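Asks:
There are 2 protein chains.
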Amino acid sequence: MNISDAAIECGLPAKTIRYYEDIGLVSPGRLANGYRDYDEDDLHKLRFLQRARGLGFSVEDCRVLLSLYEDRNRASGDVRKIAKTHLDEIERKIAELQSLRDTLSDLVQSCHGDDRPNCPIINDLAR
Amino acid sequence: MNISDAAIECGLPAKTIRYYEDIGLVSPGRLANGYRDYDEDDLHKLRFLQRARGLGFSVEDCRVLLSLYEDRNRASGDVRKIAKTHLDEIERKIAELQSLRDTLSDLVQSCHGDDRPNCPIINDLAR
DNA sequence: GCTTGACCTTCCAGTTGCTGGAAGCTCTAT
DNA sequence: ATAGAGCTTCCAGCAACTGGAAGGTCAAGC
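Going down the list, the sequences are from chains A and B.
Its first residue numbered 84, the first sequence is counted upward by one per residue in my numbering.
Its first residue numbered 84, the second sequence is counted upward by one per residue in my numbering.
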């Protein structure tokens, strides 16, 4: 299967698939003309990557997860550890964004937002 | 005032301050020896940037906010619009992260995380 | 006056995860 | 034969810094 069909299959842009090959994640075979040729195994990995990236795992996390995916004897604890660390990171980001939102929301509400120059948002930033 | 004192004053690393000068945000005067020399006006702007970046505004947003800050006749509506757009973006990110968290949290909880190979997280990613 | 060490300067490269574009080869249909 | 789509590689750029190298400057201590 050529790259554009693989792209449709796994839901990733062809550019991204080539990039994943560049960084050694999924390396398909090649046809005589030099075209990439994806088999079912490659497609599985690409779909795996698409899902894992969609869940916000870093590419390096994905690299490890992929190797664990391919290791039939891996310990589930290894996988769980990566996922838990990522989960904690997400929780942290959510809390940070919520705090930002609260501050910003207060500022936006306090600003009448008309043609007059007085602006509590700018005043706060400049304080 | 030289750059390292300015860095202490505004709470930004010297590297970042130089970077802000590179991209045209805050351009201090120079002493005879070529050293940067920050005056009160420069420091105000740097503090402004530090606060605005801390609230998650992009550098380009900061550029606009800074020009509005310097424009005594700006309409508060202009400022409010930028802040509101940013706020909406933050809300969107929070919702996205919360959805990720829910999915990931379920996966982590369903994985016993021991030495055995069976792993619901990997299974889900590979499905 | 000399040395040492802490500053300062500029410039270049790397980070993350792609994405766009140019130049050129290949395939398919007309 | 030729047009157009699709493939290849490689290079550059995005955001927002950050690290490091090479070299100039300054203040203190001897």
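Quick reminder that beta carbons are idealized off the backbone N, C-alpha and C, glycines included.
If you're wondering where the values come from, they're calculated on a predicted model, not measured in any experiment.
#1: Relative to the C-alpha of A:Asp88, which candidate in A:Thr186, A:Ile106, A:Asp197 and A:Leu129 has its C-alpha closest?
#2: Let me know if A:Arg101 comes out buried or exposed under the rule of 16 or more other beta-carbons within 10 Å of its beta-carbon.
#3: Does any CB atom of chain B fall closer than 8 Å to the CB of A:Gly160?
#4: Let me check one thing: in DSSP terms, what residues is A:Gly112 bridge-paired to?
#5: Looking at A:Leu108: is its Cβ nearer than 8 Å to the Cβ of A:Arg157?
#6: For A:Glu92, collect the residues of the same chain with a Cβ closer than 6 Å to its Cβ; drop the 5 residues on either side in sequence, then sort them by chain order.
#7: For A:Gly117, collect the residues of the same chain with a Cβ closer than 6 Å to its Cβ; drop the 5 residues on either side in sequence, then sort them by chain order.
#8: Where does A:Asp198 sit, in a helix, a strand or coil, going by DSSP?
#9: So, under 8 Å CB-CB, A:Ala166 and B:Leu190 are touching, yes? Tell me the CB distance rounded to an integer number of Å.
#10: Establish whether the CB of A:Lys98 and some CB of chain B are separated by less than 8 Å.
#11: Please classify B:Pro96: does DSSP put it in a helix, a strand, or coil?
#12: Among residues of its own chain, excluding the 5 on either side of B:Met84, which ones have a beta-carbon nearer than 6 Å to its beta-carbon?
#13: Name the chain B residues that come within less than 7 Å of A:Asn201, Cβ to Cβ?
#14: Mark A:Leu148 as exposed unless 16 or more other C-beta atoms lie within 10 angstroms of its C-beta, in which case mark it buried.
#15: Could you work out which residue in B:Leu132, B:Arg113, B:Asp124 and B:Leu114 is closest to B:Pro96 when comparing CA atoms only?
#16: Between which two residues does the alpha helix (DSSP H) harbouring A:Ala209 extend?
#17: For A:Ile173, count the other beta carbons within 10 Å of its own beta carbon; 16 or more makes it buried, fewer makes it exposed. Which is it?
#18: Rounded C-beta distance between B:Ile204 and A:Arg199? I'm assuming under 8 Å.
#19: Residues in the region 128-143 of chain B with C-beta within 7 Å of chain A's C-beta atoms, listed in sequence order?
#20: Between the region 184-209 of chain B and chain A, which residues of the former have a C-beta closer than 7 Å to a C-beta of the latter?
#21: How should A:Gly196 be labelled, buried or exposed, when 16 other C-beta atoms within 10 angstroms of its C-beta is the threshold for buried?
Replies: From the atom records:
#1: On the first sequence, residue 88 of chain A is found 5 positions in, with the first residue counted as 1. Selected option, being the one with the closest Cα: A:Leu129.
#2: Position 18 of the first sequence, counted from the first residue, corresponds to residue 101 of chain A. Classification for A:Arg101: exposed.
#3: What you label residue 160 of chain A is simply residue 77 of the first sequence in a count that begins at 1. So, interface residue.
#4: Position 29 of the first sequence holds residue 112 of chain A. In DSSP, A:Gly112 forms a bridge with A:Asp120.
#5: Against the first sequence, residue 108 of chain A aligns to sequence position 25. Against the first sequence, residue 157 of chain A aligns to sequence position 74. In terms of Cβ geometry, A:Leu108 and A:Arg157 do not form a close pair [threshold 8 Å].
#6: Counting from one through the first sequence, the residue named residue 92 of chain A turns up at place 9. Only residues of its own chain outside the window of five on either side were considered, and among them Leu126 have a CB closer than 6 Å to the CB of A:Glu92, listed in chain order.
#7: For the purposes of this step, residue 117 of chain A is taken as residue 34 along the first sequence, with counting starting at 1. If you ignore the 5 residues before and after A:Gly117, its C-beta comes within less than 6 Å of no other C-beta in its own chain.
#8: By 1-based counting over the first sequence, the position of residue 198 of chain A is 115. The answer is coil: DSSP assigns A:Asp198 none of H, G, I, E or B.
#9: Here residue 166 of chain A is taken as the residue at index 83 of the first sequence, counted from 1. Here residue 190 of chain B is taken as the residue at index 107 of the second sequence, counted from 1. Contact between A:Ala166 and B:Leu190 holds: their C-beta atoms lie close to 6 Å from each other, under 8 Å.
#10: Counted from its first residue, the first sequence places residue 98 of chain A at position 15. By the rule that beta-carbons nearer than 8 Å mark a contact, A:Lys98 does not touch chain B.
#11: Position 13 of the second sequence, counting from 1, holds the residue named residue 96 of chain B. Here B:Pro96 sits in coil by DSSP.
#12: Looking up residue 84 of chain B in the second sequence gives position 1. Within the same chain, B:Met84 has close Cβ partners Tyr121.
#13: Within the first sequence, numbered from 1, the residue matching residue 201 of chain A stands at position 118. Simply Ser159.
#14: Translated into positions along the first sequence, residue 148 of chain A becomes position 65. Around the C-beta of A:Leu148, 16 or more other C-beta atoms lie within 10 Å, and the residue is accordingly described as buried.
#15: Taking the first residue of the second sequence as position 1, residue 96 of chain B is located at position 13. The option with the nearest alpha carbon to B:Pro96 is B:Leu132.
#16: In the first sequence, residue 209 of chain A corresponds to position 126, counting from 1. Counting along the chain, the unbroken alpha helix (DSSP H) around A:Ala209 starts and ends at Pro203 to Ala209.
#17: Locating residue 173 of chain A in the first sequence gives position 90, where the first residue counts as 1. A:Ile173 is classed as buried because its beta carbon has at least 16 other beta carbons within 10 Å across all chains shown.
#18: Start at 1 with the first residue of the second sequence, and residue 204 of chain B comes out as number 121. Start at 1 with the first residue of the first sequence, and residue 199 of chain A comes out as number 116. Actually they do not touch by this definition, with Cβ atoms about 55 Å apart.
#19: Within the region 128-143 of chain B, the residues whose Cβ lies closer than 7 Å to any Cβ of chain A are, in chain order, Phe131, Arg134, Ala135, Leu138 and Gly139.
#20: Those residues of the region 184-209 of chain B that come within reach of chain A (Cβ to Cβ, closer than 7 Å) are Arg184, Thr186, Leu187, Ser188, Leu190, Val191, Cys194, His195, Gly196, Asp197, Asp198, Arg199, Pro200, Asn201, Cys202, Ile204, Ile205, Leu208 and Ala209.
#21: The count along the first sequence starts at 1 and reaches residue 196 of chain A at position 113. A:Gly196 should be labelled buried.
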